[in-house]
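Novice: Chains as they are written, first to last, in my numbering: chain D, 402 to 559; chain H, 402 to 559.
Protein chains: 2
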Amino acid sequence: MSNTRCDKHKKCISTTIDQVEKICAEKGLRFTKIRKAILEIIWESHQPIKAYDILSRISNINYSEKPPTVYRALDFLMENGFVHKINSLNSYVGCSHPNEHSDCYFIICSICNEVQECCDSTITKTIKKVLNKNTFKHNHIALEVNGQCNDCSDVSKK
Amino acid sequence: MSNTRCDKHKKCISTTIDQVEKICAEKGLRFTKIRKAILEIIWESHQPIKAYDILSRISNINYSEKPPTVYRALDFLMENGFVHKINSLNSYVGCSHPNEHSDCYFIICSICNEVQECCDSTITKTIKKVLNKNTFKHNHIALEVNGQCNDCSDVSKK
DNA sequence: ATCCTCGATGTTATAATATAACATTTATTA
DNA sequence: TAATAAATGTTATATTATAACATCGAGGAT
Numbered sequence: 402m403s404n405t406r407c408d409k410h411k412k413c414i415s416t417t418i419d420q421v422e423k424i425c426a427e428k429g430l431r432f433t434k435i436r437k438a439i440l441e442i443i444w445e446s447h448q449p450i451k452a453y454d455i456l457s458r459i460s461n462i463n464y465s466e467k468p469p470t471v472y473r474a475l476d477f478l479m480e481n482g483f484v485h486k487i488n489s490l491n492s493y494v495g496c497s498h499p500n501e502h503s504d505c506y507f508i509i510c511s512i513c514n515e516v517q518e519c520c521d522s523t524i525t526k527t528i529k530k531v532l533n534k535n536t537f538k539h540n541h542i543a544l545e546v547n548g549q550c551n552d553c554s555d556v557s558k559k
Numbered sequence: 402m403s404n405t406r407c408d409k410h411k412k413c414i415s416t417t418i419d420q421v422e423k424i425c426a427e428k429g430l431r432f433t434k435i436r437k438a439i440l441e442i443i444w445e446s447h448q449p450i451k452a453y454d455i456l457s458r459i460s461n462i463n464y465s466e467k468p469p470t471v472y473r474a475l476d477f478l479m480e481n482g483f484v485h486k487i488n489s490l491n492s493y494v495g496c497s498h499p500n501e502h503s504d505c506y507f508i509i510c511s512i513c514n515e516v517q518e519c520c521d522s523t524i525t526k527t528i529k530k531v532l533n534k535n536t537f538k539h540n541h542i543a544l545e546v547n548g549q550c551n552d553c554s555d556v557s558k559k
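1. Identify whether N404 of chain D lies in helix, strand or coil by the three-state DSSP scheme.
2. Note down, in chain order, every chain H residue with its Cβ under 9 Å from the Cβ of A543 of chain D.
3. Please report the straight-line C-alpha distance between E518 of chain H and K412 of chain H, rounded to a whole angstrom.
4. If you check the beta carbons only, do L475 of chain D and Y453 of chain D fall under 7 Å apart?
5. Give the single residue among D:H485, D:K526 and D:R473 whose Cα lies nearest to the Cα of S497 of chain D.
6. Assess, as a yes-or-no matter, whether the segment 504-516 of chain H is touched by the segment 508-518 of chain D under the definition of 3 or more beta carbon pairs within less than 8 Å.
7. Could you tell me which of H:N488, H:S522 and H:F537 sits nearest to N547 of chain H, measuring between CA atoms?
8. The beta strand (DSSP E) that contains I508 of chain D, what's its start and end?
9. Whole-angstrom Cβ separation of I565 of chain D and I542 of chain D, contact assumed at under 8 Å?
10. At which residues does the alpha helix (DSSP H) containing K526 of chain H begin and terminate?
11. Between T525 of chain D and chain H, is any beta-carbon pair separated by less than 7 Å?
12. Distance, Cα to Cα, V421 of chain D vs L440 of chain D?
13. Which residue wins for smallest C-alpha separation from I455 of chain D, given the options D:F432, D:N491, D:S503 and D:D555?
14. Based on the DSSP output, what are the partners of Q420 of chain D in its beta bridges?
15. K538 of chain D touches chain H at which residues, Cβ-Cβ below 7 Å?
16. Can you confirm whether C519 of chain H, when its beta carbon is compared against all beta carbons of chain D, has any partner nearer than 7 Å?
17. Within 10 angstroms of the Cβ of T582 of chain H, are there 16 or more other Cβ atoms? Answer buried if so, exposed if not.
18. Kindly indicate the opening and closing residues of the beta strand (DSSP E) around L544 of chain H.
19. Just to make sure I have the definition right: I need the residues of chain D whose C-beta is within less than 9 Å of the C-beta of L532 of chain H. Which are they?
20. Which same chain residues end up closer than 7 Å to C553 of chain H when comparing Cβ atoms and leaving out the 5 residues on each side of it in sequence?
21. Using alpha carbons as the reference points, say which of D:T525, D:F483, D:G495 and D:I442 lies closest to C425 of chain D.
22. Using the Cα positions of S415 of chain H and W444 of chain H, report the straight-line distance between them to the nearest angstrom.
23. Thinking F537 of chain D and C550 of chain H are a contact (beta carbons under 8 Å), I'd like their distance in whole angstroms, please.
24. Take the Cβ of P469 of chain H as the centre, count every other Cβ of all protein chains shown within 10 Å, and call the residue buried at 16 or more, exposed below.
25. Would I528 of chain H pass as an interface residue toward chain D - the criterion being a Cβ-Cβ separation below 7 Å?
This is how it looks when you write it as structure tokens:
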């Protein structure tokens with residue numbers, strides 16, 4: 402399934418990278434060569450990618466990269482909302498709307514492994530109400546739903 | 402903070418263990434000695450506990466236990482809804498209402514590390530609506546909110 | 001009761017994920 | 001241009017989790 406949803410994937414990558422570049426310029430963040438290379442690798446597919454898969458991809462380009470290189474770039478990219486970690490998969494995905502909001506929700510198809518963002522303000526509102534009842538101040542909301550996407554549940558019916 | 406919320410913690414453990422025992426009997430599940438011991442260790446506090454901390458606790462009792470012992474018990478306990486994994490912490494907590502519903506939501510205080518369940522049906526309903534819109538069939542909903550609990554944000558004000 | 005089977009446990013080894021600590025380089029700014 | 005702060009390089013190791021195969025033991029079939 403990997404890139405089928407994104408007709409013009411190359412464009413979709415470069416648009417996002419440009420956007421990130423712009424945001425970094427505005428905020429005075431250093432979007433260095435390594436950070437950019439790693440963000441590009443993450444965007445090569447719309448699937449979540451694992452840190453060590455990023456590492457082996459980047460080692461093809463520049464031999465002898467080591468884990469801290471990847472984890473540091475991931476830290477930077479996550480801190481600034483350009484990438485999200487899917488905790489249930491120990492994997493990382495690019496954020497398709499950097500800077501719009503801090504909390505992103507994910508639906509993860511356990512058949513094709515496709516991950517889609519499903520950021521929805523009604524979910525956020527409902528959660529915030531419950532947090533208020535609990536007098537809990539939130540920093541971050543992580544929502545990951547595991548199941549089958551439409552395509553895969555259709556296939557499994559046949 | 403650890404057990405302060407639960408006035409009679411010993412009772413609270415034994416009640417839950419009894420409940421699990423009963424559920425297993427009804428369902429023909431084998432609540433073996435090891436599984437019980439590990440569930441008891443998990444319930445020693447209301448905090449999430451890490452697999453290797455369980456391992457070292459159980460090694461005090463019975464030397465020479467090894468990781469698979471713990472992970473197998475955790476698998477059993479999670480499959481049957483007696484324990485939940487907090488993915489963002491790689492940690493495990495006992496479920497305070499085994500068998501009532503499959504999806505449990507957590508609020509995690511980053512100061513005192515206390516984790517509370519905040520299973521709320523309005524959240525579930527709202528999420529399900531969004532999943533329907535996306536024609537996505539869910540198996541499991543994981544919601545983890547990180548922030549500060551009431552007690553800790555009070556303290557930090559002072 | 002005995003054998004059989006299957007699930008549970010024991011055991012060894014290793015895979016997969018992530019970070020600590022310190023050295024060096026590069027960018028920024030005073 | 002020197003000072004300084006941030007980023008990267010490097011080595012080592014910590015943490016989390018599973019594979020693979022051997023053995024044990026409970027409960028059912030005969």
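By construction, the Cβ of each residue, glycine as well, lies at the ideal position given by its N, Cα and C atoms.
Specialist: Let's see:
1. Only weak support exists for where N404 of chain D lies, its pLDDT of 44 falling under 50; the coordinates are left without a value.
2. Within 9 Å Cβ-Cβ: N488, S489, A543, L544, E545, V546 and N547.
3. Going by the C-alpha atoms only, they are around 19 Å apart.
4. Result no, Cβ atoms of L475 of chain D and Y453 of chain D do not sit closer than 7 Å.
5. That would be D:H485, whose Cα lies nearest to the Cα of S497 of chain D.
6. Three or more beta-carbon pairs separated by less than 8 Å are not found between the segment 508-518 of chain D and the segment 504-516 of chain H, which leaves the two stretches without contact.
7. N547 of chain H has its Cα closest to that of H:N488, out of H:N488, H:S522 and H:F537.
8. Bounds of the beta strand (DSSP E) holding I508 of chain D are Y506 to C510.
9. Since the first residue shown for chain D is 402 and the last is 559, residue 565 of chain D is missing from the structure and cannot be characterised.
10. Per DSSP, K526 of chain H belongs to the alpha helix (DSSP H) from S522 to K534.
11. Look at T525 of chain D: its C-beta is not under 7 Å from any C-beta on chain H.
12. Cα atoms of V421 of chain D and L440 of chain D: separation of roughly 10 Å, rounded to the nearest angstrom.
13. When each option's Cα is compared against that of I455 of chain D, the closest is D:N491.
14. Looking at the DSSP assignment, Q420 of chain D forms no beta bridge with any residue, so it has no partner.
15. Those within 7 Å of K538 of chain D in chain H are G548, Q549 and S554.
16. It does; some Cβ of chain D falls within 7 Å.
17. Here chain H covers residues 402 to 559 and nothing more, so residue 582 of chain H does not appear.
18. Its beta strand (DSSP E) spans residues K538 to Q549.
19. Chain order gives the chain D residues near L532 of chain H as I508, C519, V546 and G548, where near means a beta carbon separation below 9 Å.
20. The residues are C510, I512 and C513.
21. Of the candidates D:T525, D:F483, D:G495 and D:I442, the one whose C-alpha sits nearest the C-alpha of C425 of chain D is D:F483.
22. When rounded, the distance between both Cα atoms is 9 Å.
23. Yes, F537 of chain D and C550 of chain H are in contact; Cβ-Cβ is about 6 Å, under 8 Å.
24. So P469 of chain H counts as exposed.
25. Closer than 7 Å to some Cβ of chain D, the Cβ of I528 of chain H qualifies, so yes.
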